[in-house]
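Numbering (my numbering), first residue to last: 69 to 731.
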């Protein structure tokens, strides 16, 4: 209608032409992206996308199916490498990513504390950066590799379309476990890696990594331009994935299965401590490669990753407590322990355990991690039907579930207490020399008791534990490089694969999807650290206390009954702990959010009386009536130890809490 009016009323051709150009834009606001071709071009033009490198793995003439007939034709096998230089550059130029990581790097570099709380404080990183001049800016990144299935795992096409995905992440990111800070590096079909080997499948990736380290990237920020070198810190993965990638034994029944040491299978089944004389190093590794005798060395061939500047497979100090502990040692220990109490000692029945497990007060925090009932067949096979996260919860609360049925100083129970002490230490955010030394003693004692009590040999995952103290000294707390977060990244690719009916060139299809997701992350604002809902906003009952203690006016803050900070929910009546020369327990009354620019979160809480620490339950006894010993305590949320926890009431009616540092 408007066009007709303009055409009738305005007779000047130039003005009419200008109007029609404007009208066409208004009519078709998405003209620039109404096709995939136009969208990709627009994203490339705006420097949000860069061309994917689809590299050739193998090219041969072989029989192929064509219209139902077998004919000879060219068959090209390809993998996909995403533009790492482009993605690294855009990520660090986006928002305050560079500033935050550079500040964090300098903090750890200048921190004179003797404890280790981050990878860059470990011996390995100090060794890697020693070859660079002090003026250069060096950022670490991690590389993770794992296989996932995109088809029905029970179907006829299972494993044929399995894909090996390589991700990278930056350990200096504030929340480096968030899926939004883990990015795709490359995709290769797993069958191609098995057929053609790591060298052909990963050479392009290695070349790209060397460019990032040797040449570096120019990063443009609001504070100026910086030239940054990116160094591969460690390669992550489960034991099988790492051994395969690093060209060590792919079977843990082999005579030399360990990637850290050259101990034989016969010695590992009883080995209680690490033997430094058997540790692998660049020198004996070269001898093993030259000998070309896998049966006597556990090394297939020289690893391609040794071509990465500053990286050697024998210096890849990385373990994964998700697979080693929560999908390994915990299963062996718990199955033996539970079976002993049910069959041998007859202290309780499997039905009693399952009833207590089902009716246990997990609280709202752990309610999503309750595992299914345990069956005797699980105990016989020494494998519980639980996910790694469910095992974490079960082990954490197991002493409160059945501890009252176990006599004091029971040897088998003492083994379990050793296990949870080891877990509690490994989940710590900070390690001192004394803590590492104590961990070494606990692991040795635990493995010794396991052999004696159950007349069983140590499994490979028991053996890996003896290397933990060395790994932590070199690479810092294991929680920063466990596989939990990376395994969750597979979900995105599986979702894209399920929405795509075609499996032709599926690696390129998935790579394009992930590249569009990366472009989207550059266009949107970063995730909020603090998430609040107006329905949880309240009028404070402690206005005078807050004003006096924080030196604020009413207009400078708001109070809530519930708030999410960095993905963790803090809620009224949740409990927090703090180490003030002793462990103190606090019950949340209100959550105080100071308005911008600070946006600090404080907690108004009452301190609850703790009676004593009960070593039999590895827990603190809480006053039954939750007597308040100190009212209206206000503290910054960062002052508390670990996430919110719940008070659990055991069968005897006693109230207990188990401290935890995992989220």
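Positions of the beta carbon are idealized from the N, C-alpha and C atoms, including for glycine. In this text the structure is predicted, and so the values were computed from the model without any measurement.
{"Check": "Which residues bound the alpha helix (DSSP H) around residue 645?", "Outcome": "Counting along the chain, residue 645 falls outside any alpha helix (DSSP H), though it belongs to the beta strand (DSSP E) covering 643-647."}
{"Check": "Between the segment 531-540 and the segment 418-427, are three or more C-beta pairs nearer than 8 angstroms?", "Outcome": "no"}
{"Check": "Starting from residue 336 and walking both ways along the alpha helix (DSSP H), at which residues does that stretch end?", "Outcome": "333-336"}
{"Check": "Which partner residues of residue 467 appear in the DSSP bridge assignment?", "Outcome": "The partner list for residue 467 (beta bridge, DSSP) is empty, contrary to what the question assumes."}
{"Check": "So if DSSP puts residue 632 in a beta bridge, which residue, or which two residues, is it bridged to?", "Outcome": "599, 637"}
{"Check": "Leaving out five residues before and five after residue 82 in sequence, what residues of the same chain have Cβ atoms less than 7 angstroms from its Cβ?", "Outcome": "none"}
{"Check": "Tell me the DSSP bridge mates of residue 142?", "Outcome": "129"}
{"Check": "Report the residue from 714, 710, 669, 701 whose alpha carbon sits nearest the alpha carbon of residue 690.", "Outcome": "714"}
{"Check": "How big is the Cα-Cα spacing for residue 637 and residue 631?", "Outcome": "6 angstroms"}
{"Check": "Of the choices 332, 674, 153, 707, whose alpha-carbon is the least far from that of residue 668?", "Outcome": "707"}
{"Check": "Alpha carbons only, please: which of 196, 316, 250, 482 is nearest the one belonging to residue 589?", "Outcome": "250"}
{"Check": "Quick one: is residue 566 buried, meaning 16 or more other Cβ sit within 10 Å of its Cβ, or exposed?", "Outcome": "exposed"}
{"Check": "Spatial neighbours of residue 731 within its chain, please: CB distance less than 7 angstroms, with the 5 preceding and 5 following residues excluded, ordered by chain position.", "Outcome": "At residue 731 the pLDDT is 48, less than 50, meaning the model places this residue with poor confidence and gives no usable figure here."}
{"Check": "Would you mind reading off the limits of the alpha helix (DSSP H) that contains residue 260?", "Outcome": "258-282"}
{"Check": "List the whole-angstrom C-beta distance separating residue 210 from residue 301, where the pair is believed to meet the contact cut-off of C-beta under 8 angstroms.", "Outcome": "6 angstroms"}
{"Check": "Under a three-way DSSP split, which group does residue 339 fall into?", "Outcome": "coil"}
{"Check": "Near residue 416, which residues of its chain fall below 8 angstroms by C-beta distance, leaving aside the five closest residues on each side in sequence?", "Outcome": "409, 410, 470, 473"}
{"Check": "Looking at the secondary structure, which residues open and close the beta strand (DSSP E) in which residue 669 lies?", "Outcome": "669-676"}
{"Check": "For a quick check, are the C-beta atoms of residue 685 and residue 724 less than 8 angstroms apart?", "Outcome": "yes"}
{"Check": "Run through DSSP, which three-state label would residue 294 get?", "Outcome": "strand"}
{"Check": "Take residue 349 as the anchor and find which of 333, 321, 385 has the nearest alpha-carbon.", "Outcome": "385"}
{"Check": "Please state whether the Cβ-Cβ distance between residue 662 and residue 625 is less than 8 angstroms.", "Outcome": "yes"}
{"Check": "In whole angstroms, what is the alpha-carbon distance linking residue 359 and residue 539?", "Outcome": "28 angstroms"}
{"Check": "For the segment 364-372 and the segment 485-503, state whether three or more C-beta atom pairs, one from each stretch, are separated by less than 8 angstroms.", "Outcome": "no"}
{"Check": "Would you report the Cα separation of residue 644 and residue 659, rounded to the nearest angstrom?", "Outcome": "12 angstroms"}
{"Check": "Where does residue 432 fall in DSSP's three states?", "Outcome": "helix"}
{"Check": "Where does residue 232 sit, in a helix, a strand or coil, going by DSSP?", "Outcome": "strand"}
{"Check": "On the DSSP bridge assignment, give the partners of residue 701 in chain order.", "Outcome": "673"}
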